[in-house]
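Right, one structure below, let's go through it.
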Amino acid sequence: MSLLCALCYKCIYKVFERGEIKLKLAIGSDHAGFNLKEAVKKHLDKKGIEYKDFGTYSEESCDYPDIAKDVALAVKNGQYDFGILICGTGIGISIAANKVRGIRAALCHDTFSAKAARAHNNANILAMGARVIGEGLACEIVDAFLSSAFEGGRHQRRVDKIHLIEDEQQ
Numbered sequence: 010m011s012l013l014c015a016l017c018y019k020c021i022y023k024v025f026e027r028g029e030i031k032l033k034l035a036i037g038s039d040h041a042g043f044n045l046k047e048a049v050k051k052h053l054d055k056k057g058i059e060y061k062d063f064g065t066y067s068e069e070s071c072d073y074p075d076i077a078k079d080v081a082l083a084v085k086n087g088q089y090d091f092g093i094l095i096c097g098t099g100i101g102i103s104i105a106a107n108k109v110r111g112i113r114a115a116l117c118h119d120t121f122s123a124k125a126a127r128a129h130n131n132a133n134i135l136a137m138g139a140r141v142i143g144e145g146l147a148c149e150i151v152d153a154f155l156s157s158a159f160e161g162g163r164h165q166r167r168v169d170k171i172h173l174i175e176d177e178q179q
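Read left to right, the sequence shown gives residues 10 to 179 (the working numbering).
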């Protein structure tokens, strides 16, 4: 495989699966998403995917905006390739993450949406709701998200317009 192909997002997951490159993920949850986050971490461990857990580390009540901010900033600053955030519904944690400039957090509860979030919206954070989906589906959604590539083209134009909206708010 050529270096150019290896850098292409359409090929990145195949190259990753062979162990030639390593994805780095930032993962976090609030108390409601803690158990699902632990299941997703086990799934990532089985696949050999590197991640950092930004918390929370128990089912003790905490505030999801704190976790969302930490994960979003780590992704924005380039320390991690993608993020995964989990709360009860996925709604609050995705709203909070999307307040960080340059973050495109997508709430997904099915594999179609996870693929489209990457392919059409160049999402860089996957959000899920632990009270909405189970462990098996969550792991399938993670795989769909990570194995999908941004298609560019007309979708790039739309993502650029999202950046313009961010710029206008400065």
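Ideal Cβ placement from N, Cα and C applies to all residues, glycine included.
Note that the structure is a prediction, hence the values are computed from the model and not measured.
Measure the beta-carbon distance from residue i to residue j and round it to whole angstroms, keeping in mind my assumption that it falls under 8 Å.
i	j	result
Val84	Asn131	Incorrect: roughly 12 Å between the Cβ atoms, too far for contact.
Val8	Ala106	What is shown of the chain runs 10 to 179, which leaves residue 8 out entirely.
Ala126	Ala115	4 Å
Ile93	Leu45	About 10 Å separates the two Cβ atoms, so there is no contact after all.
Any idea what DSSP makes of residue i, helix, strand or coil?
i	result
Tyr66	coil
Ile134	strand
Glu59	strand
Asn86	coil
The beta strand (DSSP E) that contains residue i, what's its start and end?
i	result
Ser38	Lys33 to Ser38
Ile93	Phe91 to Cys96
Ala115	Ala114 to Leu116
Is there at least one Cβ from chain C nearer than 7 Å to residue i's Cβ?
i	result
Lys124	The structure shown contains no chain C; it holds only a single protein chain.
Around the Cβ of residue i, are there at least 16 other Cβ atoms within 10 angstroms (buried) or fewer (exposed)?
i	result
Asp119	exposed
Ile95	buried
Ile36	buried
His172	exposed
Asp39	buried
Ser70	exposed
Gly42	buried
| request: Count the C-beta pairs between the segment 97 to 113 and the segment 53 to 66 that are closer than 8 Å, then say yes if the count reaches three, no if not. | output: no
| request: Flag this pair as touching only if the segment 99 to 107 and the segment 55 to 65 have three or more C-beta atom pairs under 8 Å; answer yes or no. | output: no
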